[in-house]
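Residue numbers (our numbering), protein chains in the order written: chain A, 1 to 203; chain B, 1 to 203.
Number of protein chains: 2
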Amino acid sequence: MGRTSDARERILGAAQTLIELHGYSALGVAEICKAAGVPKGSFYYFFSSKEELALAVIDEHWSGQRDSWNRILHSEDPPLQRLRKLFEATEAGQRAGQESCGTISGCLFGNLTLEMSNQTEAIRERLQQIFDAQVDMVDSVVGEARERGEAAVADTHEAARSVVAQLEGQVLFAKLYNNTRNLDGLWRNCLALLGAATPVRTV
Amino acid sequence: MGRTSDARERILGAAQTLIELHGYSALGVAEICKAAGVPKGSFYYFFSSKEELALAVIDEHWSGQRDSWNRILHSEDPPLQRLRKLFEATEAGQRAGQESCGTISGCLFGNLTLEMSNQTEAIRERLQQIFDAQVDMVDSVVGEARERGEAAVADTHEAARSVVAQLEGQVLFAKLYNNTRNLDGLWRNCLALLGAATPVRTV
């Protein structure tokens, strides 16, 4: 039956892949179950609706990405170098996705924001929490950089939101042109947005 | 029959509204025809497929937006002031949309990029042409600003793309939080990205 063992994980994995390829609206329960190799009954055993599944996919993806962001942004590197490594990790992730499926799928949270946030309040709320958390994490690093005299911004939270907005905008272009080179400018732009015109020493 | 007169325009208008509210994938021909008040036969008289309709909606929207961008970016104002007015017009447009339908729908081209660009080559190509044109228009203004010593960037095209990426990223946040205040930082961030730290005189 697939209700035990790894059926839930298989459904989540298949749903994430299909959302990345075709978006949320185009997703059908039958298609998910086929890709996951589970009978349709299994789906409704684990998820009451497509929306509940989408929230679980979002949570699962954020759980992994949050760990990665925390590892990078809480490292021993100087603060601005941690941001640089975050951009490098983003580029590497998009490149890996491109190599495995031929086309850059972009940021799952950005994709769902533009497709879904004005339609489903539960999804809007969850995505807000995630972007709030991302901005808070960057804010904390920007604050450290400012204390060291390496960033010159009046409002670190506002600056952090601008850095994440730049990231989302450039990932949008990377997806549109199917080219990770669109992410090359992230570090330089981050320095400009943070008033840190002189690049800090590469470690 | 609605095949003559304004049936095509009514279909395009209804389709644009529905795409802004629900995205492209969720769109059905029957729903479009009902909203447009035309019989289903009319749809296939004008459009051979949903994709052809989407391309026509994109072209129609870009035709109006391009006129607006040209008017603002070719005005007599100093170059950086023209960019400021472009951001103000973007904010006013998003606010008007919010007032008319209760929720910010974001940028039609950004929305379709994240929903569709990795699925349909014809749509990807058309959206690339539009963003190329937007970046070229901003590039030309950044070039003028640099000649006047009001912008300090090595590569005006790269800088222009970063300005448009920042715009798309902040519009994404405006949609997510349903709040046009997310666009307040666009001008300040544009100055930072262009190495024009000192705001120029407001005209």
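Positions of the beta carbon are idealized from the N, C-alpha and C atoms, including for glycine.
**Asked** Based on Cα-Cα distance, which residue from B:Ser162, B:Glu99 and B:Leu80 lies nearest to Glu147 (chain B)?
**Response** B:Leu80
**Request:** Please confirm if His61 (chain A) has its CB atom under 8 Å from at least one CB of chain B.
**Result:** The beta carbon of His61 (chain A) sits no closer than 8 Å to any beta carbon of chain B.
**Request:** With DSSP as the reference, label Asp77 (chain B) as helix, strand or coil.
**Result:** It is coil, neither helix nor strand.
**Message:** Please classify Ala122 (chain B) as buried or exposed, where buried requires at least 16 other C-beta atoms within 10 Å of its C-beta.
**Reply:** exposed
**Prompt:** Do the CB positions of Leu114 (chain B) and Tyr24 (chain B) come within less than 8 Å of each other?
**Reply:** Tyr24 (chain B) is positioned such that its CB atom lies no closer than 8 Å to that of Leu114 (chain B).
**Message:** Give me the residue from B:Arg161, B:Leu73 and B:Asn179 with the minimum Cα distance to Leu172 (chain A).
**Reply:** B:Arg161
**Asked** What in chain B is Cβ-close to Phe87 (chain A), meaning under 8 Å?
**Response** Ordered by position in chain B, no residue passes the 8 Å Cβ test against Phe87 (chain A), which lies about 13 Å from the chain.
**Message:** Against chain A, with Cβ distances strictly below 8 Å, would Thr103 (chain B) count as a contact?
**Reply:** yes
**Tyr24 (chain B) - DSSP class collapsed to helix/strand/coil** = coil
**Request:** Note down the Cα distance separating Leu55 (chain A) from Thr120 (chain A), rounded to an integer number of angstroms.
**Result:** 11 Å
**Message:** Please classify Cys101 (chain A) as buried or exposed, where buried requires at least 16 other C-beta atoms within 10 Å of its C-beta.
**Reply:** With fewer than 16 other Cβ atoms from the protein chains shown falling within 10 Å of its own Cβ, Cys101 (chain A) counts as exposed.
**Item:** Expected contact under 8 Å - CB spacing of Val163 (chain A) and Val153 (chain A) to nearest Å
**Value:** Actually they are not in contact, since the Cβ atoms of Val163 (chain A) and Val153 (chain A) sit about 10 Å apart, beyond 8 Å.
**Asked** Taking buried to mean at least 16 other C-beta atoms within 10 Å of its own C-beta, is Lys34 (chain A) buried or exposed?
**Response** exposed
**Request:** Please confirm whether Ala15 (chain A) and Leu27 (chain A) have their CB atoms less than 8 Å apart.
**Result:** yes
**Request:** Alpha carbon to alpha carbon, how far is Gly41 (chain B) from Glu52 (chain A)? Give it in angstroms, no decimals.
**Result:** 37 Å
**Asked** Would DSSP call Asp184 (chain A) helix, strand or coil?
**Response** coil
**Asked** Quick one: what does DSSP say Glu9 (chain B) is sitting in, helix, strand or coil?
**Response** helix
**Prompt:** CB Leu73 (chain B) to CB Ala145 (chain B), shorter than 8 Å?
**Reply:** no
**Three-way DSSP call (helix, strand, coil) for Ile104 (chain A) in this model** = The answer is coil: DSSP assigns Ile104 (chain A) none of H, G, I, E or B.
**Request:** Measuring only between beta-carbons, confirm whether His22 (chain B) sits less than 8 Å from chain D.
**Result:** Of the chains in the structure shown, none is chain D; the protein chains are A and B.
**Prompt:** What residue from B:Asp184, B:His61, B:Ala133 and B:Ala165 has the CA that sits closest to Leu186 (chain A)'s CA?
**Reply:** B:Ala165
**Request:** Take the Cβ of Arg82 (chain B) as the centre, count every other Cβ of all protein chains shown within 10 Å, and call the residue buried at 16 or more, exposed below.
**Result:** buried
**Residue environment, Asn70 (chain B), which counts as buried when at least 16 other CB atoms sit within 10 Å** = exposed
**Asked** Which chain A residues are close to Lys50 (chain B), counting only those with a beta carbon under 7 Å from its beta carbon?
**Response** Neighbours of Lys50 (chain B) on chain A: none; closest Cβ ~12 Å, over 7 Å.
**Message:** Please report the distance separating the alpha-carbon of Phe43 (chain B) from that of Arg10 (chain A).
**Reply:** 40 Å
**Asked** Can Ala174 (chain B) and Asn182 (chain B) be called in contact, C-beta distance under 8 Å?
**Response** Between Ala174 (chain B) and Asn182 (chain B), the gap from beta carbon to beta carbon is short of 8 Å.
**Prompt:** Under the rule that 16 or more other beta-carbon atoms within 10 Å means buried, what is Ser206 (chain B), buried or exposed?
**Reply:** Since the first residue of chain B shown is 1 and the last is 203, residue 206 (chain B) is not available in this structure.
**Asked** Using the beta-carbon count (16 or more within 10 Å), is Asp139 (chain B) buried or exposed?
**Response** Buried: at least 16 other Cβ atoms inside 10 Å.
**Prompt:** Which of helix, strand or coil does DSSP assign to Phe47 (chain A)?
**Reply:** If DSSP states are grouped into helix, strand and coil, Phe47 (chain A) belongs with coil.
**Request:** Could you spell out the range, first to last residue, of the alpha helix (DSSP H) harbouring Gln119 (chain B)?
**Result:** Neither: Gln119 (chain B) is in no alpha helix (DSSP H) and is coded neither H nor E.
**Prompt:** At a Cβ threshold of 8 Å, is Glu9 (chain A) touching chain B?
**Reply:** no
**Asked** Helix, strand or coil: how does DSSP classify Gly143 (chain A) here?
**Response** helix
**Item:** Rounded C-alpha distance that separates Ile32 (chain A) from Gly64 (chain A)
**Value:** 21 Å
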